[in-house]
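Scroll down for the structure; my scribbles are underneath it.
2 protein chains.
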Amino acid sequence: MDDSGDKPRSSRSTGSARLTDVARVAGVAPMTVSRALNRPELVSESTRLRVQRAVLETGYVPNRVAGALASSRSRLVALLVPTVAHSLFAEVVQTVMGALSSQGYQVLLGLVGYTPEQEETILETVLSRRPDGIVLTGCRHSALTRQRLKAAEVPLVEIWDMTDDPLDMLVGFSHEAVGRAVAEHLLSRGYRRFGIISADDSRAKLRVAGFVSGLESAGIGEYQLREVGTPSSMPWGREKSAELLDRHALDAIVCSSDILALGVLSEAQSRGLTVPGQLAIMGFGDSSYAAASFPALSTVRIDGAAIGLRAAEHLLQRMAQPTFERAGQVLDVGFEIVDRDTT
Amino acid sequence: MDDSGDKPRSSRSTGSARLTDVARVAGVAPMTVSRALNRPELVSESTRLRVQRAVLETGYVPNRVAGALASSRSRLVALLVPTVAHSLFAEVVQTVMGALSSQGYQVLLGLVGYTPEQEETILETVLSRRPDGIVLTGCRHSALTRQRLKAAEVPLVEIWDMTDDPLDMLVGFSHEAVGRAVAEHLLSRGYRRFGIISADDSRAKLRVAGFVSGLESAGIGEYQLREVGTPSSMPWGREKSAELLDRHALDAIVCSSDILALGVLSEAQSRGLTVPGQLAIMGFGDSSYAAASFPALSTVRIDGAAIGLRAAEHLLQRMAQPTFERAGQVLDVGFEIVDRDTT
DNA sequence: ATTTTCGATGATAGCGCAATCATATCGGCG
DNA sequence: CGCCGATATGATTGCGCTATCATCGAAAAT
């Protein structure tokens with residue numbers, strides 16, 4: 001007889017227990033169950049325990065879809081990165097998710113590749129989930145993307161790049177500065193005839209631009225540039241460096257990623273070139289295998305974990321106090337030239 | 001005067017355009033706008049165009065939170081992997097997301113580490129989003145996890161492991177078989193005195209068990225085992241191999257991941273041991289850098305992309321026809337011993 | 001001409017939850 | 001003793017959308 005008062009569940013119902021079911025079992029109002037679960041400090045100890053028991057008894061799993069609609073808080077953060085098949089971004093994903101999940105947020109991951117068009121498409125569907133915050137890789141967005149982000153008025157952190165004019169918050173580093181620093185480093189080592197192998201991606205190109213401007217500051221106007229598609233890979237590095245070495249007398253090759261540099265290293269070894277004696281090689285990223293190659297790869301270390309962590313912190317702060325305006329906050333985490341055995 | 005009939009938006013409203021706003025601008029009923037956007041084949045061409053214009057004019061972004069609540073379809077798939085900071089799982093994430101996003105699904109990523117407890121916690125919050133499908137790494141789940149998954153009645157694919165008794169669908173390979181195959185391979189090469197360095201993770205332990213059983217089949221009962229914590233890293237490999245080599249005369253060391261093997265390789269080189277002459281080394285995973293090490297690392301290739309792709313395909317099929325029962329479907333994608341220069 | 005069919009559109013009613021305000025209870029205090 | 005404020009709980013309403021059924025006009029069938 002204990003369900004004699006129940007209306008039959010509508011045909012649209014999902015079948016699993018709802019808040020009202022828990023409430024009936026616990027002998028309280030639905031609202032009290034909601035509070036017991038979300039704001040336990042507002043209910044008495046005894047009620048909280050009764051609700052807890054009722055939850056176990058009914059096997060209730062809260063429906064956060066409904067909760068999000070009712071409260072306009074999704075507890076969801078969108079994280080948009082080009083790829084996870086690259087240890088640097090994987091590290092960012094790992095740390096961002098660690099920091100956010102400890103605060104009860106879940107992550108909606110979007111892989112946007114390296115083109116603004118993909119970013120635009122993915123952002124649209126992401127915004128339709130009404131995330132409470134967004135972490136976005138890069139600062140170069142399409143006009144539509146910028147407009148949508150502004151209209152959404154959602155806390156936002158751009159990462160992995162640098163600009164004076166962020167959409168909201170920014171945690172990253174200057175790719176141009178990286179390029180210039182690499183140029184200075186290699187010039188100080190005495191290298192003069194440079195090859196460059198770069199991925200066809202806007203941030204890699206910025207680093208190349210910085211590198212070239214560094215060369216020009218030293219009066220060097222000549223260099224050989226080859227572009228490769230994404231994703232970068234060892235074979236790309238081998239192929240392009242073979243092309244470069246066949247046609248030009250070079251004493252150093254600079255790569256837009258460690259994996260390309262490893263390919264160059266293979267090519268050099270297959271040609272019997274001593275490294276760095278006859279050919280110096282420079283990578284980017286300081287991936288876990290950079291130190292493991294033989295000879296150990298000189299590279300540029302980017303602290304992806306720091307970027308992810310600070311980005312998450314900034315976002316959490318803003319999501320906790322949405323009124324406190326701190327737009328325009330910019331953090332440059334820098335980088336470090338790691339001088340191993342290939343330069 | 002054109003808003004004279006509007007009720008003021010309630011204080012709970014979010015401020016952005018809703019379906020009814022688009023409907024008013026387009027001069028149709030809200031339901032027609034919903035259809036024009038989600039089932040365009042059900043509305044006339046002219047209505048569809050008017051709605052399209054109204055959407056642009058209002059800057060409407062659909063609210064899929066509300067849509068999901070109303071339709072009981074979230075268009076969300078939960079993807080639970082131990083970590084993305086490991087190229088094998090990154091590859092899975094990459095391919096699963098590629099396949100799902102092309103069909104309009106978004107991915108809720110969960111990083112569950114290597115313990116059933118974490119999986120349990122994360123699964124609970126994941127289920128509260130009412131995903132349309134779940135991809136779960138591994139087949140060993142806590143009782144509560146199994147119970148919740150069964151109660152949720154959501155299409156599910158377990159990956160990266162093998163069992164006769166999957167919860168629903170399964171795409172993976174047998175870790176024990178990997179271990180046995182590695183044992184046979186090394187035994188056929190003549191190695192007899194083995195060290196094992198394994199991560200403290202249940203699937204790695206299965207591979208160890210398979211390896212040991214392979215040794216025992218050959219009448220070898222002695223071997224040296226060291227466990228390391230997660231995440232595996234080169235320093236762990238170096239440290240544990242140093243310990244092993246100090247105390248035991250070994251002619252081969254088997255590792256539960258390529259990154260550990262690379263550490264072992266460094267240690268061997270630092271001791272002036274020839275590889276594989278004085279010490280053979282075996283990795284697992286065939287990470288991108290395995291072929292790049294010097295000497296190139298012998299390892300076990302797992303086709304993470306194939307696993308991700310097939311898992312996504314199975315899931316899409318089931319989500320499209322939820323009535324068509326195919327529970328119990330199991331796909332073994334196998335593995336391959338990659339015999340490079342360290343064995 | 002009348003009925004049937006079908007495509008297109010609209011009206012209504014929830015989906016499951018939390019914001020909000022109303023109500024009840026209780027001890028402390030003038 | 002009655003009033004006040006704090007604390008605990010409940011009733012109501014609506015978040016924005018889609019399932020469902022009703023309606024309506026026009027073409028097709030009788």
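Protein chains in written order, with our numbering: chain A, 1 to 343; chain B, 1 to 343.
Cβ coordinates follow ideal geometry from the N, Cα and C atoms, glycine included.
- When the beta-carbon positions are compared, MET234/B and SER266/B come within less than 8 Å of each other.
- For ARG129/B, the closest Cβ of chain A is nearer than 8 Å.
- In the DSSP assignment, ILE159/A is bridged to THR137/A, VAL171/A.
- Taking 8 Å as the CB threshold, VAL25/B stays off the interface with chain A.
- Taking a contact as a CB-CB distance under 8 Å, the pair ALA291/A and ARG340/A counts as one, their CB atoms being some 7 Å apart.
- Against chain B, a Cβ distance below 8 Å from PHE294/A picks out GLN269, SER293, PHE294.
- In summary, HIS86/B is buried, with 16 or more beta-carbon neighbours lying within 10 Å of its beta-carbon over all protein chains present.
- As the crow flies, the alpha-carbon of ALA181/B is around 11 Å from that of SER188/B.
- In this structure, ASP132/A sits away from VAL171/A, with a CB-CB distance that is not shorter than 8 Å.
- Contact annotation for ASN63/A against chain B: SER128, ARG130 [CB-CB distance below 7 Å, chain order].
- Out of GLU57/A, THR58/A, THR125/A, LEU37/A, the CA that lies nearest to the CA of ARG48/A is found in LEU37/A.
- Fewer than three beta-carbon pairs drawn from the segment 285 to 305 of chain B and the segment 125 to 144 of chain B are found closer than 8 Å, and the two stretches are therefore not classed as touching.
- Looking at the DSSP output, THR299/B sits in a beta bridge with VAL338/B.
- Taking a contact as a CB-CB distance under 8 Å, the pair SER142/B and GLU120/B counts as one, their CB atoms being some 5 Å apart.
- DSSP places ASP332/A in the uninterrupted beta strand (DSSP E) bounded by 330 to 332.
- Shortest Cα-Cα distance from ASP286/A to any of ILE337/A, LEU279/A, LEU316/A, ILE253/A involves ILE337/A.
- Taken in chain order, the whole alpha helix (DSSP H) runs of length 4 or more contained in the segment 42 to 70 of chain A are 45 to 58.
- Under the 10 Å beta carbon count, MET31/A is surrounded by fewer than 16 other beta carbons and is classified as exposed.
- Listed in chain order, the positions of the segment 259 to 290 of chain A with a beta carbon within less than 7 Å of a beta carbon of chain B are ILE259, LEU262, SER266, SER288, TYR289.
- Per DSSP, GLU222/B is not a residue of any beta strand (DSSP E), being assigned neither H nor E.
- Inclusion of VAL333/A and PHE173/A in the CB contact set at 8 Å is warranted, their separation being smaller than that value.
- Residue-level contact check: SER74/A touches chain B, since one or more beta carbons of chain B fall below 8 Å from its beta carbon.
- Taken atom to atom, the span from the alpha-carbon of ARG203/B to that of GLY229/B is near 13 Å.
- Apart from the 5 residues on each side of it in sequence, ASP303/B sits with its Cβ closer than 7 Å to the Cβ of VAL333 in its chain, given in chain order.
- The alpha-carbon separation between LYS150/A and ILE197/A amounts to approximately 36 Å.
- For the pair of segments examined, the segment 83 to 97 of chain B was found to touch the segment 82 to 102 of chain A: the number of CB pairs separated by less than 8 Å reaches three.
- What LEU215/A touches in chain B, judged by beta-carbon distance under 7 Å, is nothing: the nearest beta carbon there is about 28 Å away.
- CA-CA distance, GLN278/A to ALA252/B, rounds to 35 Å.
- Under the three-state reduction of DSSP, GLY229/B is assigned to coil, being neither helix nor strand.
- Excluding the 5 residues flanking it on each side, GLY195/B has same chain C-beta neighbours closer than 6 Å at GLN224, LEU244, LEU250, ILE253, in chain order.
- For the C-beta of VAL55/B, not a single chain A residue is nearer than 8 Å; the gap to the nearest is close to 11 Å.
- Nearest in C-alpha terms to GLY27/A, of all of GLY15/A, PRO40/A, ARG53/A, GLU41/A, is ARG53/A.
- Inclusion of GLY179/A and PHE211/A in the CB contact set at 8 Å is warranted, their separation being smaller than that value.
- Contacts with chain B at 8 Å (Cβ-Cβ) include ALA85/A.
- With contacts defined by Cβ atoms closer than 8 Å, PRO116/A and THR145/A form a contacting pair.
- For the pair LEU80/A and VAL96/B, the Cα-to-Cα distance works out to about 16 Å.
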